[in-house]
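Asker: If you read the sequence shown in our numbering, its first letter stands for residue 9, the second for the next number, and so on.
The C-beta atom is built at its ideal place from N, Cα and C for all residues, glycine as well.
None of these values were measured; they are calculated from a predicted model.
Structure in C-alpha cells, see below.
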Amino acid sequence: MSVFIYYIFNGVKRLFLVQSLKWCNSYDSIVTTMWIWFLLCFYAIFLIMLKLFAKLYLNTRIVDELCKCIEEGDTVRCVKLLDEYDPNYINVYNRNGYTPFLVACANGQTQIIKLMLKKGANVKLKSKQFESAFYLTTFYYIKNPHIKNATCIRELYYAGANIDEPNAKGLTPLQMAAMFGHTPLVRWLLLKNASAVTAPDPYMLAISQGHQETAKIIHAHTHGLAIEFKIK
C-alpha cells in the first residue's frame, strides 16, 4: 500500500513539475512576445514622429526662405521656390505669425502677389496680429507715400479682399489713410465704396492730424459730391 502511495505521489509530483515547466515556458513566451510588440510599436511611433518633425522642419525652412526672398526683393529666387515646392506653402505661417503671401503684401511686392494669387493665395487669412492682406498692403503705401503705383492694392481688391477689414485696434484702411493724410489712397478707397461711416470718423481723424485736403475729399464723399480721381 505504501509503495502504491509512493508511486501515486511521485506521479502527481512529476505531473505538477511538468505542468509548472510548461507554464513557465508559456509565461516567458508571453513576456517575450509582449516586449517584441512593445519595441515594434515604439519603433513605429518613433518613425512617425521623426517623419513629422522632418516635415515640420522642411515647412519652416521653406516658409522662412520664401519670406526672406520677399523681404529682400529677390523676385527671381522667390519665383523659383514657388515653382519648386508645393504652392500651399504660400498660406503657411512663419514663426512671426505671417504667411509668405502676407509678407509680400506688407512689402508691396506686386509681381509676387500676382503670382501667389494665381497659385492659390488666401486673401482672407490674417496675421497673428489680426492684420489682413489688404490692410498690410495699404499700410505699406501709407508708410511710403512717394510710391504712386498702387497696382497690388487693385490686385487684392479684385481678388475679393475686404477693403473694410479692421486691424487689431479696430482701424480700417480708410481710417489709417485719413489719419496719415494719404489723399490718393483715401480717394481710391472711397471710390471703391469703402465705408466712411465708422468710428472714429475718418473725416475727424484727418482734421485732427491737420490733413485738410484729405478731410475735404472725405467731406465731399459723405455729402454726395463728385470726387476728382487720378491714379497711376
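So the candidates are Leu-213, Thr-83, Ala-169 and Ile-225; which of them puts its Cα closest to the Cα of Trp-196?
Answerer: On the sequence shown, position 188 is the one that residue 196 refers to. The residue from Leu-213, Thr-83, Ala-169 and Ile-225 with its alpha-carbon nearest to that of Trp-196 is Ile-225.
Asker: Whose C-beta lies closer than 8 angstroms to the C-beta of Tyr-165 among residues of the same chain, with five residues either side of it excluded?
Answerer: Here the question's residue 165 lines up with position 157 in the sequence shown. Correct list, in chain order: Phe-142, Ile-171 and Lys-200.
Asker: In whole angstroms, give me the CA-to-CA distance for Phe-109 and Gln-220.
Answerer: If you number the sequence shown from 1, residue 109 lands on position 101. If you number the sequence shown from 1, residue 220 lands on position 212. Rounded to whole angstroms, Phe-109 to Gln-220 spans 35 angstroms at the Cα level.
Asker: The alpha helix (DSSP H) with Asn-188 in it runs from where to where?
Answerer: The sequence position of residue 188 within the sequence shown is 180, counting from 1. In the sequence under discussion, the amino acid at residue 188 is Phe, which differs from the Asn named in the question. It is not in any alpha helix (DSSP H) - Phe-188 carries neither H nor E in the DSSP assignment.
Asker: Kindly indicate which residue of Cys-160, Ala-169, Ser-216 and Ala-114 has the alpha-carbon position closest to the one of Gln-183.
Answerer: Here residue 183 refers to the residue found at position 175 when the sequence shown is read from its first residue. If we check each option's Cα against that of Gln-183, Ser-216 comes out closest.
Asker: Name the residue from Asn-102, Leu-90 and Met-187 whose alpha carbon lies nearest to the alpha carbon of Val-71.
Answerer: By one-based count along the sequence shown, residue 71 stands at place 63. Among Asn-102, Leu-90 and Met-187, the Cα nearest to that of Val-71 is on Asn-102.
Asker: For Asn-152, collect the residues of the same chain with a Cβ closer than 8 angstroms to its Cβ; drop the 5 residues on either side in sequence, then sort them by chain order.
Answerer: The count along the sequence shown starts at 1 and reaches residue 152 at position 144. Closer than 8 angstroms at Cβ, skipping near neighbours: Gly-116.
Asker: Please classify Lys-224: does DSSP put it in a helix, a strand, or coil?
Answerer: The residue labelled residue 224 in the question sits at position 216 within the sequence shown. In the structure shown, Lys-224 sits in a helix (DSSP, three-state: H, G or I).
Asker: In whole angstroms, what is the alpha-carbon distance linking Thr-180 and Gly-128?
Answerer: As a first step, residue 180 is located in the sequence shown; it is residue number 172 there, counting from the start. As a first step, residue 128 is located in the sequence shown; it is residue number 120 there, counting from the start. Cα to Cα, Thr-180 sits roughly 25 angstroms from Gly-128.
Asker: Between the alpha carbons of Lys-136 and Val-100, how many angstroms are there, rounded?
Answerer: In the sequence shown, residue 136 corresponds to position 128, counting from 1. In the sequence shown, residue 100 corresponds to position 92, counting from 1. Their Cα atoms are separated by approximately 12 angstroms.
Asker: Closest by CA to Val-87, which one among Gln-119, Pro-208, Arg-69 and Tyr-106?
Answerer: As a position in the sequence shown, residue 87 is number 79, starting the count at 1. Looking at the Cα atoms, Gln-119 is the closest of the given residues.
Asker: Whose C-alpha, out of Ile-53, Glu-163, Ile-150 and Lys-132, is nearest the C-alpha of Pro-192?
Answerer: Translated into the one-based positions of the sequence shown, residue 192 becomes position 184. Closest option to Pro-192, Cα to Cα, is Ile-150.
Asker: Alpha carbon to alpha carbon, what distance is there between Asp-209 and Tyr-106?
Answerer: The sequence position of residue 106 within the sequence shown is 98, counting from 1. The sequence position of residue 209 within the sequence shown is 201, counting from 1. Tyr-106 and Asp-209 have their C-alpha atoms some 29 angstroms from each other.
Asker: Look at the alpha carbon of Asn-130 and the alpha carbon of Phe-188, and state the distance between them as a whole number of angstroms.
Answerer: Position 122 of the sequence shown, counted from the first residue, corresponds to residue 130. Position 180 of the sequence shown, counted from the first residue, corresponds to residue 188. Using only the alpha carbons, I get a separation of about 28 angstroms.
Asker: According to DSSP, is Trp-31 helix, strand or coil?
Answerer: Within the sequence shown, residue 31 is the residue found at index 23, counting from 1. Its pLDDT being 49, under 50, Trp-31 is placed unreliably in this model, and the value from its coordinates should be taken loosely. Three-state result, Trp-31: helix.
Asker: I'd like the span of the alpha helix (DSSP H) that includes Phe-138, first residue to last.
Answerer: Stepping through the sequence shown from its first residue, residue 138 is reached at position 130. No alpha helix (DSSP H) contains Phe-138, which DSSP labels as neither H nor E.
Asker: May I ask you to report which of helix, strand or coil DSSP gives Pro-174?
Answerer: Position 166 of the sequence shown, counted from the first residue, corresponds to residue 174. Coil at Pro-174, not helix or strand.
Asker: Less than 8 angstroms between CB atoms is the rule here; does Leu-182 satisfy it with respect to chain C?
Answerer: Considering every chain present, this structure includes no chain C. It has just one protein chain.
Asker: Near Val-194, what residues of its chain come up, given a Cβ to Cβ distance below 7 angstroms and the 5 sequence neighbours on each side ignored?
Answerer: By one-based count along the sequence shown, residue 194 stands at place 186. Excluding positions up to five away in sequence, the list reads Leu-182, Ala-185, Ala-186, Thr-222, Ile-225 and Ile-226.
Asker: Given a threshold of 16 other Cβ atoms within 10 Å of its Cβ, counted over all protein chains shown, does Ile-56 qualify as buried or as exposed?
Answerer: Counting from one through the sequence shown, the residue named residue 56 turns up at place 48. The residue in question, Ile-56, is exposed, as its Cβ has fewer than 16 Cβ neighbours within 10 Å.
Asker: Below 8 angstroms between beta carbons: does that hold for Leu-198 and Ala-204?
Answerer: As a first step, residue 198 is located in the sequence shown; it is residue number 190 there, counting from the start. As a first step, residue 204 is located in the sequence shown; it is residue number 196 there, counting from the start. It is a contact, given that the beta carbons lie within the stated cut-off.
Asker: Out of Tyr-148, Asn-96, Thr-83 and Asn-104, point me to the one whose CA is closest to His-241's CA.
Answerer: Since the displayed the chain opens at 9 and closes at 240, residue 241 lies outside it and no answer follows.
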